[in-house]
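> First the structure, then my questions, so here it is.
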Amino acid sequence: MDLWKIVKDLLHRRGNKDTAWLSRKTKIKDRTIYAWMENNRLPRIDDAYKIAKSLDVSLDYLMTGKELEYTSDDPLLSEICKYIANLSHDERVELMGMLKHVRYLSLMPDKLKKKASSD
């Protein structure tokens, strides 16, 4: 898959965003992005990074359409990472909030845990 097909797909998945939106997010001129797309040109690495960051993907994903595989000796951790890689940015933010809450509860003394869970 080429970079601009990946970009177009990601823009579509984010609610039919367009090059003007991408331009605002990256501070790269809209006509520059459009010219790169039309001529199938690769941006400089710093611009590619800005594009990847604005689309909430890794540079590897932007260039190949595939995320790097996370490997661990712990199969459960590997499975969790694969699952998280398929979440949208908003879903990851929500999950992070839930994880922080779970971590916070795990650090509470038992008396407070019971009270918090009953509220």
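The numbering of the sequence shown is my numbering, which starts it at 1173 and goes up by one.
Every residue gets a Cβ at the ideal spot worked out from N, C-alpha and C, and that includes glycine.
I need the boundaries of the alpha helix (DSSP H) containing residue 1223, first residue and last residue.
1217–1226
> CB-CB under 7 Å to residue 1206, same chain, minus the five flanking residues each way: which ones, in chain order?
1191
> Tell me whether the beta-carbon of residue 1177 lies closer than 7 Å to the beta-carbon of residue 1183.
Contact flag unset, no.
> Under a Cβ-count criterion, where at least 16 other Cβ atoms within 10 Å of its own Cβ denotes burial, should residue 1274 be classed as buried or exposed?
exposed
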